[in-house]
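Residue numbers for the sequence shown follow this note's numbering, so the first one is 130 and each next one is one higher.
Note that CB positions come from ideal geometry on N, CA and C, so glycine has one too.
Model, not experiment: these values are computed from the prediction.
In what follows, a single structure is set out as C-alpha cells and then discussed.
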Amino acid sequence: MKKRNKKKINKLFQNRQTQQKLIGNFYDICQDFLLRNAENNFQNLNADQSFALAVISKANANHVVTRQAILNLLCHIGENISPLINEFIINKNSLSFTESLSFLQNLNFSNHIHPYLVIIKGFIESASSIAAIESYFNCFMGKSTKYDNSIPRLNVKNLHPEIINNFYEITHRILSIKKPNKLKEFTFFIYKIVKDNASQSILFFMNYFTQDKSNQISFAHLFLTAKNYSITDYSQSLAYNTCFAAIDLERFEEANYWLKKINNSEKYMEIENYLLNKKQEIEEISQHPLNPVNSSPLSLENISTIDLIFLCIYLDSCGDNWGLKSLHTHGQYTFPYYKTTLEILKSLAIKKLIKIPITSFTNYSLRDLNQIDKIIEYENFHLNIQDVPDSKILALKILLDEISNRIDKAESCYEIWKKIVLDYFFSALEYHLNNLRNSWAKDFELNEKIISDLSLLNLSAKILSYIAKNSTTFAAGLHAKGNTFGNQYTCNLLFNSINYHLEWIKDGNFIDKSRSRGKQPIFSSENILKIIANISLEDIYNTNPNIDLIYTNISKNE
Numbered sequence: 130m131k132k133r134n135k136k137k138i139n140k141l142f143q144n145r146q147t148q149q150k151l152i153g154n155f156y157d158i159c160q161d162f163l164l165r166n167a168e169n170n171f172q173n174l175n176a177d178q179s180f181a182l183a184v185i186s187k188a189n190a191n192h193v194v195t196r197q198a199i200l201n202l203l204c205h206i207g208e209n210i211s212p213l214i215n216e217f218i219i220n221k222n223s224l225s226f227t228e229s230l231s232f233l234q235n236l237n238f239s240n241h242i243h244p245y246l247v248i249i250k251g252f253i254e255s256a257s258s259i260a261a262i263e264s265y266f267n268c269f270m271g272k273s274t275k276y277d278n279s280i281p282r283l284n285v286k287n288l289h290p291e292i293i294n295n296f297y298e299i300t301h302r303i304l305s306i307k308k309p310n311k312l313k314e315f316t317f318f319i320y321k322i323v324k325d326n327a328s329q330s331i332l333f334f335m336n337y338f339t340q341d342k343s344n345q346i347s348f349a350h351l352f353l354t355a356k357n358y359s360i361t362d363y364s365q366s367l368a369y370n371t372c373f374a375a376i377d378l379e380r381f382e383e384a385n386y387w388l389k390k391i392n393n394s395e396k397y398m399e400i401e402n403y404l405l406n407k408k409q410e411i412e413e414i415s416q417h418p419l420n421p422v423n424s425s426p427l428s429l430e431n432i433s434t435i436d437l438i439f440l441c442i443y444l445d446s447c448g449d450n451w452g453l454k455s456l457h458t459h460g461q462y463t464f465p466y467y468k469t470t471l472e473i474l475k476s477l478a479i480k481k482l483i484k485i486p487i488t489s490f491t492n493y494s495l496r497d498l499n500q501i502d503k504i505i506e507y508e509n510f511h512l513n514i515q516d517v518p519d520s521k522i523l524a525l526k527i528l529l530d531e532i533s534n535r536i537d538k539a540e541s542c543y544e545i546w547k548k549i550v551l552d553y554f555f556s557a558l559e560y561h562l563n564n565l566r567n568s569w570a571k572d573f574e575l576n577e578k579i580i581s582d583l584s585l586l587n588l589s590a591k592i593l594s595y596i597a598k599n600s601t602t603f604a605a606g607l608h609a610k611g612n613t614f615g616n617q618y619t620c621n622l623l624f625n626s627i628n629y630h631l632e633w634i635k636d637g638n639f640i641d642k643s644r645s646r647g648k649q650p651i652f653s654s655e656n657i658l659k660i661i662a663n664i665s666l667e668d669i670y671n672t673n674p675n676i677d678l679i680y681t682n683i684s685k686n687e
C-alpha cells in the first residue's frame, strides 16, 4: 500500500468532525483511512476497516480479500452505523469512483434494508462473472478454495439468526437468477444453521428443493408460522407445490387443505384435474391384472392341466430356490419361439398362478404397468398356489405328481406338442428373415389364415422349419435378381411360397428335403413333455404331433 503525505491527508479529512463531508476520489479516501487505522494489523476488523479494505481490494482485483472483508460487515450488524460508512452513504453522490467501484454510487439506501446488507449485496452483484458471484457464497459457507489468513474469516455460526435470515433474503434472488443449483446448496446450508428460526423464504425454498415429498409438506406447515422478511409473497407458490406433493403421496385431505389456499383459478383447476387423474390412476392400479393384492393363492385342483404343465416348463427353465428368474436372463430356452415364451408367462400371471412381490408392484407407475409385456420379461415372478413351495425342486415334484393323476394329461401334452412344432416354424422364419437385412424382410408379417392352415395340417417341426427356410430363400432370391416390384410384392411372394408348400403337402406332391433333428438346444418345453409323455426329443422334432403315441407312452409308464 503506497504512503500518502500528511498535507493530502489533512486536506481530505479537513474539519471532518464539523463538516461530516467526504470529497474526492473514494479509493484515495479508503486508502488514507486504512493508513490512519492499521494499528491492529486488521486482525480484528471493525466495520469501517472491513469496508475500506474491501474497496481497496476490489479496485486491485484482490478477490479473496474483497470477499472476506466485505462479508465481515455481517459481524457488525446491530452496532451503530460506523463513521466512514455513514459519511459514504450521505456523500456518495459527491464522490468520484474508478470504473471497478462505480457500482457503489448506485447503491440504494432509501429502503428498509440494513446499509451493511445493501453494501454486501452491491459487492456480490458487481462480480464480473457467475463463477465470481458463486465465490462470495462459497466464502460465506466456508467452502472457498482459498482464504487470506491475514484478515479474519467469517464464522456464520456466530451470527444471530436474524442477521442470517436477512442476508439470505437480500442475496438468494441473485442465485435464483444466476445459479439455481447453488441456491439449493446455499438454502440447505442456511437452514441447517437457523433451523427453528428459519424465515418464510428459507422454508419456501426448502419446500421447493427437497426431494422427499413428506418433508415438503412439513416445511410448508413450518412456513405458515415462520417470520416473513420478504416483500415477495411465496404463500401461493408454496401451496401450489405442496398440493402436488400431497397428491403424489395420496394424502388427499392434505392436498385439499392446501388447495383451498390457492387463489389463481387456472392453477386451482390444474390441481383439481391432477387430483382427479391421480384418483383414477389409483383405481386403475388397484384393478391391474398383475396387482398382487388381488392375487389370493389358488387351489391346485382348480388349475387346468395344461397350465400346470406350462408352469412346470417355466420352473424348468427359470426356476430358482425362490421363485422364477426373469425371462430376460433365463427364458431363452423355454419355447423355440421367444414370443410364445412371453405370451404364456403373461397368461399364467393374469390367471394368478404366479405373481410379483408387492414391493416390486408398488414401484411401478401406471405408465410402467401399461407396458405389461416389459414387466413380464424383466420381473421375477413367484408361485401363487396353496401348499406349493416357491422353489424349483420342491414345486416341480408336487406339480408333476399332480399332473400324473390328471385324466386329461395326454390331451394337454398333445396341445403343447403342437405349439412347440409351430414355434419351430415361427423361429426359423424369423431367423432367416433377420439374416437377409432387407427392408422387405422387416415389413413381413404372417397373417392369421396361414397360421390357421399350419395348425390344421399338423406337420412336424422338421418339415415346418424346412418350409420356412425354403420359402424365404425363394422370395429373397427373386428379390435379389430384381424380379420383384417393391417390398409388398416380395412379401406376397413369400406368402405364396408358403401356401404352395402347404398345397403340395395336401396334394401329396411335397418332396421332403427336410433334415432330422441334429445338435440343437433342448428347450424346457421339450424336456417337460419328455418327462410327462415319455416322448423322445427326436420324435418331438421329427414326427407329426400324435396323440396316439402319447396315449401309448403314458399307459406304458402307468
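- Counting only runs of 3+ residues, no beta strand (DSSP E) is found wholly inside the region 625–653.
- Under the DSSP definition of a beta bridge, Lys-221 lacks any partner.
- Between Pro-426 and Phe-490, the CB-CB gap reaches or exceeds 8 Å.
- When the beta-carbon positions are compared, Ala-368 and Leu-332 stay at least 8 Å from each other.
- By the Cβ criterion, the region 225–232 is not in contact with the region 276–291, since fewer than three pairs of Cβ atoms, one from each stretch, lie closer than 8 Å.
- Pairwise C-beta distances place the region 675–682 out of contact with the region 551–564, as fewer than three of them are shorter than 8 Å.
- Runs of the alpha helix (DSSP H) lying entirely within the region 347–430, each at least 4 residues long, are 364–377, 381–388 and 394–415 in chain order.
- Note on the region 429–488: there is no whole beta strand (DSSP E) run with a minimum of 3 residues.
- Per the DSSP secondary-structure output, Gly-153 pairs in a beta bridge with Leu-224.
- Restricting attention to alpha helix (DSSP H) runs no shorter than 4 residues, the region 531–568 encloses them at 538–565, ordered along the chain.
- By the neighbour-count criterion, in which 16 or more other beta carbons inside 10 Å mark a residue as buried, Trp-546 falls on the buried side.
- In this structure the region 618–636 lies against the region 567–583, because at least three pairs of beta carbons, one per stretch, are closer than 8 Å.
- Rounded to the nearest whole angstrom, the CA to CA distance from Lys-407 to Glu-379 is 8 Å.
- Phe-155 sits close to Ser-225, with the two beta carbons spaced by under 8 Å.
- Residue state for Leu-174 is assigned as coil, using DSSP reduced to three classes.
- With contact defined as three or more Cβ pairs closer than 8 Å, the region 197–206 and the region 281–300 are in contact.
- Distance between Pro-486 and His-511, taken at the CA atoms: about 8 Å.
- Counting C-beta pairs closer than 8 Å gives fewer than three between the region 160–180 and the region 267–277, which falls short of the contact rule.
- Residue environment: Glu-413 is assigned as exposed (fewer than 16 neighbouring CB atoms within 10 Å of its CB, all protein chains considered).
- Judged by pairs of C-beta atoms under 8 Å, the region 556–571 touches the region 613–620, as three or more such pairs exist.
- In terms of Cβ geometry, Asn-370 and Gln-345 form a close pair [threshold 8 Å].
- Under the criterion of beta carbons closer than 8 Å, Lys-475 and Asn-513 do not qualify as touching, at roughly 15 Å.
- Taking the Cα of Cys-372 as reference, the smallest distance to any Cα among Val-247, Ile-400 and Asn-393 is reached at Ile-400.
- Burial state of Ala-183 is buried, judged by a 10 Å Cβ sphere holding 16 or more other Cβ atoms.
- Close CB contacts of Ser-359 within its chain, under the 7 Å cut and outside five residues either way in sequence, are with Glu-298, Gln-329 and Ser-330 (chain order).
- Our two residues, Lys-324 and Phe-348, have alpha carbons roughly 11 Å apart in a direct line.
- Pairing Phe-464 with Ile-596 gives a Cβ-Cβ distance that is not under 8 Å.
- By alpha-carbon distance to Glu-559, the top candidate from Asn-534, Leu-593, Glu-531 and Lys-538 is Leu-593.
- Nearest in C-alpha terms to Asn-287, of all of Gln-515, Asn-240 and Ile-206, is Ile-206.
- When secondary structure is reduced to three states using DSSP, Glu-508 falls in the coil class, being assigned neither helix nor strand.
- About 6 Å separates the beta carbons of Ile-303 and Ile-253, which is inside the 8 Å limit, making them a contact pair.
- Annotated three-state conformation of Ile-280 is coil, per DSSP.
- Counting every other CB atom within 10 Å of its CB across the protein chains shown gives His-457 a total below 16, marking it as exposed.
- Boundaries of the alpha helix (DSSP H) around Tyr-297: 290–307.
- Annotated three-state conformation of Glu-208 is strand, per DSSP.
- Counting only the Cα atoms, Lys-342 lies some 55 Å from Lys-659.
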